[in-house]
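S.K.:
2 protein chains.
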Amino acid sequence: MQKSSKDHCFEDLKRRILTTDLPPGGDLDEATLSALYGISRTPLREVLQRLAGEGFVRLETNRGAKVASMNLIAMRTFFQTAPMVYANIGRLAAENRTTEQIEDLTATQRDLTAAIRRGDVTAAALSNHAFHHVIGQMAHNPYLMACLERLLIDHTRLSQTFYRATGAEDQARIGTAASQHDALIAAISAAEPDRVIALTLQHWDLSRDRMERFVRPDPLPVDVISQKDPHHAL
Amino acid sequence: MQKSSKDHCFEDLKRRILTTDLPPGGDLDEATLSALYGISRTPLREVLQRLAGEGFVRLETNRGAKVASMNLIAMRTFFQTAPMVYANIGRLAAENRTTEQIEDLTATQRDLTAAIRRGDVTAAALSNHAFHHVIGQMAHNPYLMACLERLLIDHTRLSQTFYRATGAEDQARIGTAASQHDALIAAISAAEPDRVIALTLQHWDLSRDRMERFVRPDPLPVDVISQKDPHHAL
DNA sequence: GCGCTTGCTTTTGTGTACACTTTGTGCACA
DNA sequence: TGTGCACAAAGTGTACACAAAAGCAAGCGC
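Those sequence lines, one after another, are chains A and B.
The first sequence lines up with residues 4 to 237 when you count with the working numbering.
The second sequence lines up with residues 4 to 237 when you count with the working numbering.
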């Protein structure tokens, strides 16, 4: 069964949104996209509807489709929700995973470490996406899966700032995250829900600070004034 | 702004699925529905895509749309997931609700008690749906909302068996559930997250047994054989 | 100079024809 | 009688044309 150009369009738009190749809030023109993917407007619109259903885009009547936005208020909600949902999904994954799925997870982790090693930020982000998505499949819970998939959209877009390492400290953090993934695989394979939960929460503690810098840039040093001009000191 | 017939189609199909007027797993024929709602197949298909995105229907390529099914395996997952998600949403609702939303919730609760009083099962189920949906809006968390909406589809379909009271015991249970709703409104208004969580879990303990009978019919009495024919006793 | 209206352009929404896929039925043949 | 194939019927997927709405800009009055 050959992959239809409609499916390709769907997957490609997904990828481009996740990698912020299509920027959050950006406009999606029907005519342009249908020409680009070589399909007519009707199936393209169906693709956009599906993407809207999964939270990748937002449809506005008579005003077309826009890439799902990422505002600061949403980020607070994101970091509030993600650890809880990922932990619960991890717990269920440890209970319900199949051996085949563990192989999938291991393969994805291989892709991730390879991407990190060659400094391919978008590939790393997409592999990380796939990693957590496989854990979601293991959990075998369609209700939480709907939540996870929405979280993963923002997670993946944010994670690129995590994998775009600038200093030695950042590199070390990426290494720690990778070994946490290995530990997660081990805990899931061993069917140890409690350990999976603990590891998941650790994983989020590590990521949070680094990712938040993406939406909250480093604050200016507070003492530049006092050092140079004591009159304006706080 | 007049309500377009497309929106009406969307809302009506939603309602008919939630009330099991359209039975789980049932086939949805495009030609029939487009004739029924007076719109052509193109917009009807968009409606079906949207319903699929929200988990009301399942689309199969070249094989049309079917109403989301409710199997026994899914029910186990449902009762496993719902208390946790509802409790977390309730907690956030207590923290983030606006006074306007509390009025919405109170009005919905009035509709619900009215429907119960006149024995209107489907109206009760739909009001119950609206009640928990408003709490979801209060939580102001799009990630959990996606999960809640999927849970509410099955919750509403199952709740009809809860509101279809047959005996005095069932009637009492419905009354208890209604007063739990009142207590929930009070706790949310008072911004007491812990109390909301406790009440939500109580609410689920009450519903679970009664609802499970819908998918798990009363087992046959175990001792019919032993009473009549001692030779076949266990 | 400013704001409003009006007509033009661009983009989205809907209807319809037609192509393709699936499924059911009848017939030939073993 | 059972199996396989061909054809017919029904239903879904795609393309395109036209209708409707929104955005834009020039012209007009104040």
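No residue lacks a Cβ here, since even glycine has one placed at the ideal position from N, Cα and C.
Note that this is a predicted model, so its numbers are computed, not measured.
Give a yes or no on whether the minimum CB-CB distance between Tyr146 of chain A and chain B is below 8 Å.
M.R.: For Tyr146 of chain A, the answer is yes, since a Cβ of chain B falls inside 8 Å of its Cβ.
S.K.: Closest by CA to Tyr89 of chain A, which one among A:Ala189, A:Met214, A:Pro196 and A:Asp212?
M.R.: A:Pro196
S.K.: Would the segment 137–157 of chain B count as touching the segment 84–101 of chain B if we require 3 or more Cβ pairs under 8 Å?
M.R.: yes
S.K.: What is the C-beta distance between Thr125 of chain A and Gln183 of chain A, in whole angstroms, given that I count them as a contact (C-beta under 8 Å)?
M.R.: Contact flag wrong, Cβ pair sits at about 21 Å.
S.K.: Does any C-beta atom of chain A lie closer than 8 Å to the C-beta of Ala149 of chain B?
M.R.: yes
S.K.: Less than 8 Å between CB atoms is the rule here; does Asn91 of chain B satisfy it with respect to chain A?
M.R.: yes
S.K.: Check whether the segment 19–34 of chain A touches the segment 111–129 of chain A, taking contact to mean three or more Cβ pairs, one atom from each stretch, closer than 8 Å.
M.R.: By the Cβ rule, the segment 19–34 of chain A counts as touching the segment 111–129 of chain A, because three or more pairs are nearer than 8 Å.
S.K.: Output needed for Leu95 of chain A: all residues of its chain with C-beta closer than 6 Å, excluding positions within five of it in sequence on either side, in chain order.
M.R.: Ala142 and Asn144
S.K.: By the 10 Å Cβ neighbour count, where 16 or more other Cβ atoms means buried, how is Gly170 of chain A classified, buried or exposed?
M.R.: exposed
S.K.: Around the Cβ of Arg153 of chain A, are there at least 16 other Cβ atoms within 10 angstroms (buried) or fewer (exposed)?
M.R.: buried
S.K.: Using a Cβ-Cβ distance under 8 Å, would Glu103 of chain A count as near chain B?
M.R.: no
S.K.: Which residue's Cα is closest to the Cα of Pro86 of chain B: B:Gln205, B:Asp212, B:Arg213 and B:Ala55?
M.R.: B:Gln205
S.K.: CB-CB under 8 Å to Leu322 of chain A, same chain, minus the five flanking residues each way: which ones, in chain order?
M.R.: This structure gives no information on residue 322 of chain A, because the portion of chain A shown stretches from 4 to 237.
S.K.: Go to Leu115 of chain B, then tell me how far its alpha helix (DSSP H) extends in each direction, as first and last residue.
M.R.: Thr102 to Arg120
S.K.: Taking 7 Å as the limit between beta carbons, can you name the residues of its chain near Arg167 of chain A, skipping five residues before and five after?
M.R.: Val124
S.K.: Using DSSP bridges, identify the partner residues of Val60 of chain B.
M.R.: B:Val70
S.K.: Should Ala71 of chain A and Gly56 of chain A be called a contact, given that it needs their Cβ atoms to be closer than 8 Å?
M.R.: no
S.K.: Just to check my reading of the structure: Gln112 of chain A and Ile188 of chain A have Cβ atoms closer than 8 Å, yes? What is that Cβ distance to the nearest angstrom?
M.R.: So it is a contact: roughly 6 Å between Cβ atoms.
S.K.: Going by alpha carbons, who is nearest to Ala110 of chain A out of A:His136, A:Met73 and A:Tyr40?
M.R.: Taking Ala110 of chain A as reference, the option from A:His136, A:Met73 and A:Tyr40 with the minimal CA-CA separation is A:His136.
S.K.: Which class does Asp30 of chain A belong to by DSSP, given the choice of helix, strand or coil?
M.R.: The three-state reading of DSSP puts Asp30 of chain A in strand, counting E and B together.
S.K.: Consult DSSP for Ala193 of chain B and reduce its assignment to one of helix, strand or coil.
M.R.: coil
S.K.: Tell me whether His158 of chain B sits in a helix, a strand or coil according to DSSP, three-state version.
M.R.: helix
S.K.: Could you tell me whether the Cβ atoms of Leu31 of chain B and Ala77 of chain B are closer together than 8 Å?
M.R.: no
S.K.: Could you check whether the Cβ of Glu154 of chain B sits closer than 8 Å to any Cβ belonging to chain A?
M.R.: Per the sequence shown, the amino acid found at residue 154 of chain B is Leu instead of Glu. At least one chain A Cβ lies under 8 Å of Leu154 of chain B.
S.K.: If you run the structure through DSSP and keep just helix, strand and coil, what is Ser7 of chain B?
M.R.: coil
S.K.: Going along chain A, which residues have a C-beta under 9 Å from Glu63 of chain B?
M.R.: Here the premise fails: no neighbours, minimum Cβ distance about 14 Å.
S.K.: Since Ser43 of chain B is in the alpha helix (DSSP H), which residue starts that stretch and which ends it?
M.R.: From DSSP, Ser43 of chain B is part of no alpha helix (DSSP H); its letter is neither H nor E.
S.K.: Once the 5 residues before and after Arg211 of chain B are set aside, which same chain residues still bring their CB inside 7 Å of it?
M.R.: Phe82
S.K.: Give the residues from the segment 115–142 of chain B that approach chain A closer than 7 Å (Cβ to any Cβ), ordered along the chain.
M.R.: none
S.K.: Kindly say whether Gly28 of chain A, judged by its beta-carbon, lies nearer than 8 Å to any beta-carbon of chain B.
M.R.: no
S.K.: Check Gly170 of chain A in the structure and name its three-state DSSP category.
M.R.: Three-state DSSP puts Gly170 of chain A in coil, outside helix and strand.
S.K.: Is any beta-carbon of chain B found at less than 8 Å from that of Thr203 of chain A?
M.R.: no
S.K.: Applying the 10 Å Cβ sphere with the 16-neighbour rule, what's the burial state of Asp157 of chain B?
M.R.: buried
S.K.: What does a CB cutoff of less than 6 Å around Pro46 of chain B pick up in its chain, not counting 5 residues either side in sequence?
M.R.: Lys9
S.K.: What span of residues does the alpha helix (DSSP H) with His135 of chain B cover, start to end?
M.R.: Val124 to Ala142
S.K.: Specify, as a first and last residue, the run of the alpha helix (DSSP H) that Asn65 of chain A falls within.
M.R.: Counting along the chain, Asn65 of chain A falls outside any alpha helix (DSSP H), and DSSP gives it neither H nor E.
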